[in-house]
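Working notes, beginning with the structure itself.
In structure tokens form, the structure reads like this:
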């Protein structure tokens, strides 16, 4: 592991000194007690640390230290992409726009997939103007609707004979709790279920074009996830940060699962782009937004800086055969302990997401051709309540399930086992 930089040490020291003055120096693994504190504490502490540094007469040094930590990684690859096709979701603004611009500059044919056609048209024109590459176009895609994802994939199949790079960049945060027409929390659908379906619909094209790469933009927020496998669709959790962090954990788990199923020559990796100044902050609650916007100008990454790890995973020659990793600042880094649970990876990706998408009408065209599993707990699944949540027939004994649900699930399992079909909806 690389030694911490002088800037990192300086920033850490000032934070520790600040907490000691307050008399509440936390342990290194101090857990965040709730999602509200998780989403606010980092930003508020950063503001207080900067204030403390100012009082100590060291603000310039420590602002530089924090800035260095947030912006140190850059893609140094000079790889060219002439003849290759790259698809970037959410490529009309922020990190996605800068990723699309870089890949276009390298000579790739770039498809910007997003739902805001006016904004995307301007983004495409800007990319063409700044790179001189005219092989850049926009296609409509709304990840909050499975019907839109399927239509996009069908159109892409007809329009392009290859797909070398797929960057699942589009995402959202701070949206009010809302259920999509497919019956899923909107944050979970845009950040995870939509990209999951899109990737599987285009998987054959990726395999036919190998060597090819799948890049999944996740977030360090996945470390704060308190995942309840009972509520993978995010219906019971209304706090925006809870669904956001859970969706980003799903991204990391999904990248690992893809790496196990894709053939040699097709890689899948997840990444944390850093704390970036993008339009995503316009959707967070007003009080938190004021704190964020105050800090953005001083220490947050620009969109171009935030795109560096996405670009690295898409083009770097040394990563051509690297798959299933989690990256930050253009280097592989450690994910959360929960993100390394192999059984949870399999449950979320195979037992839940596949079946859920099939039930939403995707079973005819989704191309969900994962390897057939033979383990006993893949044979029987529960679908209960109108939320269409899936469980293994033996999940009542699973360690991830809340204890208070076990008795109910055992009773429910007996009822499900009497059903002729393998899956059924149980209304309340």
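Numbering (the numbering used here), first residue to last: 69 to 496. In this text, a Cβ means the ideal position worked out from N, Cα and C, and glycines have one as well.
Give a yes or no on whether 9 Å exceeds the smallest Cβ distance from residue 216 to chain D. Absent from the structure is chain D; it holds one protein chain and no more.
Can you give the Cα-Cα distance for residue 198 and residue 178, rounded to whole angstroms? Residue numbering aside, residue 198 sits at position 130 when the chain shown is read from its first letter. Residue numbering aside, residue 178 sits at position 110 when the chain shown is read from its first letter. Whole-angstrom Cα-Cα distance: 14 Å.
Span separating the alpha-carbon of residue 370 from that of residue 206: As a working note, residue 370 is residue 302 in the chain shown. As a working note, residue 206 is residue 138 in the chain shown. A direct Cα-to-Cα measurement between residue 370 and residue 206 gives close to 23 Å.
Inspect the CB distances between the stretch 188-202 and the stretch 210-220 and report whether three or more fall short of 8 Å. no
Out of 399, 283, 247 and 319, point me to the one whose CA is closest to residue 163's CA. Within the chain shown, residue 163 is the residue found at index 95, counting from 1. Closest by alpha carbon: 283.
Please confirm whether residue 236 and residue 319 have their CB atoms less than 9 Å apart. As a working note, residue 236 is residue 168 in the chain shown. As a working note, residue 319 is residue 251 in the chain shown. Yes, Cβ-Cβ distance for residue 236 and residue 319 is below 9 Å.
Indicate the three-state DSSP secondary structure (helix, strand or coil) for residue 145 in the structure shown. To locate residue 145, count along the chain shown from 1; it is residue 77. Residue state, collapsed to three classes: coil.
Can you check whether the CB of residue 209 is closer than 9 Å to the CB of residue 189? Your numbering for residue 189 matches position 121 in the chain shown. Your numbering for residue 209 matches position 141 in the chain shown. Between residue 189 and residue 209, the gap from beta carbon to beta carbon reaches 9 Å or more.
If you follow the alpha helix (DSSP H) that residue 371 is part of, which residue opens it and which one closes it? Here residue 371 refers to the residue found at position 303 of the chain shown. That run of the alpha helix (DSSP H) goes 371-374.
Nearest candidate by alpha-carbon position, reference residue 156, set 150, 144 and 170: Walking along the chain shown from the start, residue 156 turns up at place 88. With distances taken between Cα atoms, residue 156 lies closest to 170.
Residue 335 to residue 268, Cα distance in whole Å? Walking along the chain shown from the start, residue 335 turns up at place 267. Walking along the chain shown from the start, residue 268 turns up at place 200. Answer to the nearest angstrom: the Cα atoms are 14 Å apart.
According to DSSP, simplified to helix, strand and coil, what is residue 284? In the chain shown, residue 284 corresponds to position 216, counting from 1. DSSP places residue 284 in strand when its eight states are reduced to three.
Where the alpha helix (DSSP H) containing residue 219 begins and where it ends: Reading the chain shown from its first residue, position 151 is the one you call residue 219. Unbroken alpha helix (DSSP H) run through residue 219: 214-227.
Which residues in the same chain have their Cβ closer than 6 Å to the Cβ of residue 396, if we skip the five residues on either side of it in sequence? For the purposes of this step, residue 396 is taken as the residue at position 328 of the chain shown. So the qualifying residues of the chain are 340.
Hey, how far is the Cα of residue 254 from the Cα of residue 245? Reading the chain shown from its first residue, position 186 is the one you call residue 254. Reading the chain shown from its first residue, position 177 is the one you call residue 245. When rounded, the distance between both Cα atoms is 7 Å.
For residue 336, three-class secondary structure by DSSP: As a first step, residue 336 must be located in the chain shown, where it is residue number 268. Note: residue 336 maps to strand in three-state DSSP.
Beta-carbon contacts of residue 144 that lie in its chain and below 7 Å, excluding the five residues immediately before and after: Here residue 144 corresponds to residue number 76 of the chain shown, with the count starting at 1. Correct list: empty, nothing qualifies.
Grouping DSSP H, G and I as helix and E and B as strand, with all else coil, what is residue 258? Along the chain shown, one-based indexing puts residue 258 at 190. If DSSP states are grouped into helix, strand and coil, residue 258 belongs with the helices.
To the nearest whole angstrom, what separates the beta carbons of residue 376 and residue 141, a pair I think is in contact under 8 Å? Within the chain shown, the letter at position 308 stands for residue 376. Within the chain shown, the letter at position 73 stands for residue 141. Contact annotation, residue 376 with residue 141: C-beta distance approximately 6 Å; criterion of less than 8 Å satisfied.
Classify residue 281 as buried or exposed, calling it buried when 16 or more other Cβ atoms lie within 10 Å of its own Cβ. Along the chain shown, read from residue 1 onward, the residue named residue 281 stands at position 213. Under this definition residue 281 is a buried residue.
With residue 262 and residue 325 assumed to form a contact (beta carbons below 8 Å), what rounded beta-carbon distance in angstroms separates them? Translated into the one-based positions of the chain shown, residue 262 becomes position 194. Translated into the one-based positions of the chain shown, residue 325 becomes position 257. Not really, about 17 Å apart at Cβ, beyond 8 Å.
Drop a sphere of 10 angstroms on the beta-carbon of residue 250, count the other beta-carbons inside from all chains shown, and report buried for 16 or more, exposed for fewer. For the purposes of this step, residue 250 is taken as residue 182 along the chain shown, with counting starting at 1. Buried is the call here.
What residue from 337, 230 and 330 has the CA that sits closest to residue 277's CA? In the chain shown, residue 277 corresponds to position 209, counting from 1. The option with the nearest alpha carbon to residue 277 is 230.
Per-residue burial, residue 13 [other beta carbons within 10 Å of its own, 16 or more giving buried]: This structure does not reach residue 13, given that the chain is present from 69 up to 496, and the question cannot be answered.
Residue 166 burial status per 10 Å Cβ neighbour count (16 or more: buried): Along the chain shown, one-based indexing puts residue 166 at 98. It is buried - the Cβ of residue 166 has at least 16 other Cβ atoms within 10 Å.
Out of 317, 241 and 148, state which residue places its alpha-carbon closest to the alpha-carbon of residue 172. Your numbering for residue 172 matches position 104 in the chain shown. Looking at the Cα atoms, 148 is the closest of the given residues.
Proximity of residue 63 and residue 382 at Cβ, strictly below 9 Å: It is not possible to answer for residue 63, since the shown part of the chain is limited to 69 through 496.
Cutoff 7 Å; reference residue 542; Cβ partners in own chain excluding five residues on either side: There is simply no residue 542 to check, as the chain begins at 69 and stops at 496 in what is shown.
What's the call for residue 174, buried or exposed, on a 16-neighbour Cβ count within 10 Å? On the chain shown, position 106 is the one that residue 174 refers to. So residue 174 counts as buried.
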